[in-house]
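The structure appears right after this line, and notes come after that.
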Amino acid sequence: MAEDTRTQESEAGREGRYGPYESMTVERAGHVAEVTLTGPGRGNAMGPAFWAECPRVFAALDADPEVRAVVLTGSGKHFTYGLDLPAVAPSLGPVLAPGAQAKERTEFHDLILAMQEAASAVERCRKPVVAAVAGWCIGGGVDVITAADFRYASADARFSIREVKVGMVADMGTLARIAGIVGEGHTRELALTGRDIDAARAERIGLVNDVYEDRDALLAAARTAAQEIAANPPLVVHGVKAVLGHTRSAQIDASLRYVAAWNAAFLPSKDIGEAMAAVFEKRTPEFHGH
């Protein structure tokens, strides 16, 4: 996208449509908007600002008649390192504290449901979303890209459903959506091991449609696809997306509600405390099933 044809987030903000945001920028060229994750955590990690702002951003894009398609990417070398655990740790404190009861668990349940809206807003946006993934896409990043309509990657992209390694059941949307993309076998392997996969494996299992040499080629391809979508009749595009999503929407909603209740009940454990301590102390955790 040429810089002189792109509507900057700051300009859109003055028009009352977009931003400014702490965790992402929004730009528009013609009928294509580009949302870029910016952090502020290292590797575009997803802190409280992201979970609050993402639903607002995609609701605004959905409501903007000038936007017909969206490219979603990350700034710098990586898409995102996922959940910014140090930044969100204070929100986990009450439910993990000794003696946490119904009040703390209810508040945590409500927090999960609110955070789930970040990925759900991407899915609900009537304007098709093309995810362009370079570098790492971990945890919450997978939640978001599986809510996009389709995904491209650069050759250096790496993906991981990492939550199992930090003592959590992934609860922001990956487990509700990814089996419909890659199938049950790959879903269970990736979610239960927490292993990393490269772009070639991601393409082979259908997580991404195509792989490009580098980030520049990736963005060029994503922008081209978005422009092709934007050239089609917008109401028909909305209809195609609505029909494709109709049969699975109830199943996804039920899965999101179930995992929110599950984690509100079962997340507190000695193992998650050990996982968080290991993150802060930069060591390998030792889990004992307590």
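Numbering (our numbering), first residue to last: 1346 to 1635.
Beta carbons: idealized from backbone N, C-alpha and C, even for Gly.
DSSP places Val1514 in the coil class of the three-state scheme, outside both helix and strand.
It is roughly 47 Å from the alpha-carbon of Ala1570 to the alpha-carbon of Lys1615. Shortest Cα-Cα distance from Gln1461 to any of Leu1520, Leu1417, Gly1444, Asp1494 involves Leu1520. Out of Arg1450, Met1391, Met1369, Pro1439, the CA that lies nearest to the CA of Trp1607 is found in Arg1450. Under a 10 Å Cβ-count criterion, Asp1559 is classified as exposed, with fewer than 16 other Cβ atoms of the shown protein chains found around its own Cβ. Per DSSP, reduced to three states, the secondary structure at Leu1382 is strand. With respect to Met1369, Val1380 sits close: the two C-beta atoms are nearer than 8 Å. DSSP places Tyr1603 inside the alpha helix (DSSP H), whose first and last residues are 1579-1611.
Straight through space, the alpha carbons of Gly1444 and Asp1494 are spaced by roughly 43 Å. Nearest C-alpha to Met1391 among Cys1470, Val1440, Val1489, Val1509: Val1489. Under the Cβ criterion (8 Å, minimum of three pairs), the stretch 1549-1565 counts as touching the stretch 1499-1508. Annotation for Ala1605: His1454, Ile1457, Leu1458, Gln1461, Asp1516 place their beta carbon closer than 8 Å to its own, counting only its chain and skipping 5 residues before and after. Just measuring C-alpha positions, the residue of Ile1550, Ala1545, Ala1544 sitting nearest Thr1532 is Ile1550.
Positions of the alpha helix (DSSP H) runs, each at least 4 residues long and wholly inside the stretch 1473-1550, are given as 1485-1490, 1519-1522, 1524-1527, 1529-1538, 1544-1550 in order along the chain. Counting only residues of its own chain and dropping the five nearest sequence neighbours on each side, Gly1419 has a CB closer than 6 Å to the CB of Leu1382, Asn1389, Thr1425. Minimum Cα-Cα distance from Leu1612 among the listed residues Asp1429, Pro1439, Arg1503 corresponds to Pro1439.
Within the model, the alpha-carbon separation for Gly1590 versus Ala1536 is close to 23 Å. A direct Cα-to-Cα measurement between Val1527 and Pro1473 gives close to 20 Å. Contact check for Ala1575 against Arg1413 passes: the beta carbons are separated by less than 8 Å.
In summary, Tyr1366 is buried, with 16 or more beta-carbon neighbours lying within 10 Å of its beta-carbon over all protein chains present. When the alpha-carbon of Val1624 is set against those of Val1511, Ala1405, Val1433, the nearest one is in Val1511.
Met1391 is bridged by DSSP to Leu1428.
Non-local beta-carbon contacts of Glu1631 in its own chain, meaning distances under 7 Å to residues more than five positions away in sequence, involve Glu1619 in chain order. Taking a 10 Å sphere around the C-beta of Glu1626, we find fewer than 16 other C-beta atoms and assign the residue as exposed. Between the alpha carbons of Met1513 and Asp1407 lies a gap of roughly 32 Å. For a cut-off of 8 Å, the C-beta gap from Ala1404 to Ala1466 is around 6 Å, short enough to register as a contact. Excluding its 5 nearest sequence neighbours in each direction, Ala1434 has C-beta neighbours in its own chain below 7 Å: Met1621, listed in chain order. The Cβ atoms of Arg1507 and Gly1484 sit closer than 8 Å to each other. Here DSSP, grouped into helix, strand and coil, assigns Thr1629 to coil.
Taking a 10 Å sphere around the C-beta of Ala1464, we find 16 or more other C-beta atoms and assign the residue as buried. Separation of Gly1634 and Gly1386 (C-alpha to C-alpha, rounded to the nearest whole angstrom) is 31 Å.
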